[in-house]
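Student: Residue numbers (this note's numbering): 33 to 641.
Below: one structure in structure tokens.
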């Protein structure tokens, strides 16, 4: 049976669990209303979920106080990413705007252990630099924030000390390079202490301070190719590794009492949950964990249970709970599949195809099954293919639930999601293979994906991607126009120079180590920018953008649309006035994605003679 696109776009997701102080309730985010809001359900799963926030804008994070029936949530306006922090007192209680600075970005860093304060970083001082703030919640108006570290650059709060005396703060030099600092709150205004001196690029992620305050568990690739679970001695900076240098550890969590430590490893895109005791020794963990991708790990206040989000290619995201150490996971939320039977959702095959230098490029290959509406005369190897390119570029196409992919499969398309060089998940060396002057090697990988598909008999191939993936779409349409039947660019980069000039100033500093510097590499950046080769685009193109996009400003879309039209090319342009970097609102997704499907059908579906 064929389902219209709107049904797939109404498949729901629940994620981002946070425990109430008494462990009896779990709050989470879900898009049941069409835009993510905070909801709550009994942690035993025996009650009906209750909606807690009622806004037209998306709620991007929700966090319970460790001591009181208070809930903090983050929310921006129109996708502008200038998040504000709000406090909700009790179930459906009064909301307070804590930050009251709508022109600044605020990134929540956690409640103090006693629940009386919060920490966050924000651009309140100059709109660019992320200073560190601590704010007392005792006043009815939320109090005024205290700047405890005036900084330059991009910072986030990694963790509170268990006794509330210090913060661990992450200073980000690029997406692949950061440092951890200890900031003693009793000496606010003093310089923070660097804990992770290193040479070259290294990541120090997910830090969790042990109950005695002497060490922190974290994930780092400082001494190897992959991100490994490690213990950092906070007195001398020594690091002890706890997992092998084979796959990335992507998330860790430590129970409040220090009894349990969990780590999620990324193995070929799927999650492997590993359990340790508080001393860092691996122990047998939960039984029969469903195959998929785990995230949002959070222990219950008593440390006996773990909540997490689970998704997979044939499983839309839901919140799960498991008793430790060896319980059987149970699903706490049951997000709707909009009446579409889950058995119709397809899983991908993990494949590798050769590129120009003999390197094997990993990819996920989804092929339509017997339930698709492909024309019976089309042999499976002849079906049209959509090559879906991830953004980042420091990211990875993973086997998560993707309603757009499942719709395309149901329509008889195959979908290839390549992890070209520069992707994460395959080691630090692989991630650096597209840096600056190697940029176009990743575009070659994309071209070789099309050639591999053609070798398998697929003659009609579209390329689609968002953000940096949109750049990849335009770069391959201009570099290898003969390989592609159509292209879909969603919030993509057309001109590397104007992108770096107009993106947020703090983001420019983070992106230049990857893309190149305006001062040093302008000529190169111009040479790889699709805008200067737009006349080579011969395939029909669709461009989609949000007017409020702070990451890739809407001018990128306007430039490429104008150039293609000047050259007599075929281009469709969808602009959404109330969106930012992507489409967050259901009404806009319901407008855009059926138009994408119609565009692909028009240009890729075989016409009868």
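For every residue, glycine included, the Cβ atom is placed at its ideal position computed from N, Cα and C.
(1) Around the Cβ of residue 86, are there at least 16 other Cβ atoms within 10 angstroms (buried) or fewer (exposed)?
(2) Can you tell me whether DSSP reads residue 37 as helix, strand or coil?
(3) If you pair each beta-carbon of the stretch 575-583 with each one of the stretch 514-526, do three or more pairs fall below 8 Å?
(4) Which same chain residues, not among the five before or five after residue 165, have their C-beta less than 8 Å away from its C-beta?
(5) Please tell me whether residue 118 and residue 128 are closer than 8 Å, where the distance is taken between their beta carbons.
(6) In the stretch 40-96, which residue ranges form an unbroken beta strand (DSSP E) of at least 3 residues, counting only runs that do not cross its ends?
(7) Would you list the one or two residues that DSSP bridges to residue 526?
(8) Nearest-angstrom Cα distance between residue 529 and residue 512?
(9) What are the boundary residues of the alpha helix (DSSP H) that residue 503 is part of?
(10) Grab me the residues of residue 637's own chain with a C-beta within less than 6 Å of its C-beta, minus the 5 sequence neighbours each way, in chain order.
(11) Touching or not, the stretch 341-354 and the stretch 248-267, by the rule of three or more beta carbon pairs under 8 Å?
(12) One question on the structure: do residue 183 and residue 211 come within less than 8 Å of each other, judged by their Cβ atoms?
(13) Could you pull out every residue in the same chain whose Cβ sits closer than 6 Å to the Cβ of residue 646, ignoring the five residues on either side in sequence?
(14) How is the beta strand (DSSP E) around residue 281 delimited, first residue to last?
(15) Whose C-beta lies closer than 7 Å to the C-beta of residue 572 among residues of the same chain, with five residues either side of it excluded?
(16) Tell me, please, which residues DSSP counts as bridged to residue 210.
(17) Would you identify the three-state DSSP class for residue 633, choosing helix, strand or coil?
(18) Using a threshold of 8 Å, state whether the C-beta atoms of residue 317 and residue 326 are closer than that.
(19) Determine contact between the stretch 328-335 and the stretch 37-52, defined as no fewer than three beta-carbon pairs at a distance below 8 Å.
(20) Do residue 75 and residue 64 count as a contact pair if the criterion is CB distance below 8 Å?
(21) Output the residue ranges of the alpha helix (DSSP H) runs that lie fully inside the stretch 421-509 and measure 4 residues or longer, sorted by chain position.
(22) What residue does the beta strand (DSSP E) around residue 339 start on, and which one ends it?
(23) Taking the straight line between their C-alpha atoms, what separation do you get for residue 205 and residue 336?
(24) How would you call residue 33, buried or exposed, if buried means at least 16 neighbouring beta carbons within 10 angstroms?
(25) Taking the straight line between their C-alpha atoms, what separation do you get for residue 44 and residue 62?
(26) Since residue 596 and residue 560 are thought to touch, with beta carbons under 8 Å apart, how far apart are those beta carbons, to the nearest angstrom?
(27) Can you check whether the CB of residue 588 is closer than 8 Å to the CB of residue 531?
(28) What residue range is occupied by the uninterrupted beta strand (DSSP E) comprising residue 247?
(29) With a 10 Å radius around its C-beta and 16 neighbouring C-beta atoms as the bar for buried, classify residue 267 as buried or exposed.
Tutor: The answer reads as follows:
(1) exposed
(2) helix
(3) yes
(4) Closer than 8 Å at Cβ, skipping near neighbours: 151, 152, 153, 154, 156, 177, 178, 179, 180.
(5) yes
(6) Within the stretch 40-96, the complete beta strand (DSSP E) segments of 3 residues or longer fall at 46-51, 57-62, 69-74, 91-96, listed in chain order.
(7) DSSP output for residue 526 lists no bridge partner at all.
(8) 22 Å
(9) 500-511
(10) none
(11) no
(12) No, these two residues do not count as a Cβ contact at 8 Å.
(13) The question about residue 646 has no answer here: the residues shown for the chain are numbered 33 through 641.
(14) For residue 281, the enclosing beta strand (DSSP E) covers residues 280-286.
(15) 518, 602, 635
(16) 204
(17) helix
(18) no
(19) yes
(20) no
(21) For the stretch 421-509, whole alpha helix (DSSP H) runs of length 4 or above, ordered along the chain, are 435-442, 460-463, 471-487.
(22) 337-344
(23) Straight-line measurement puts the Cα of residue 336 at about 37 Å from the Cα of residue 205.
(24) exposed
(25) Going by the C-alpha atoms only, they are around 7 Å apart.
(26) Actually they do not touch by this definition, with Cβ atoms about 18 Å apart.
(27) A contact, by the Cβ cut-off of 8 Å.
(28) 247-252
(29) exposed
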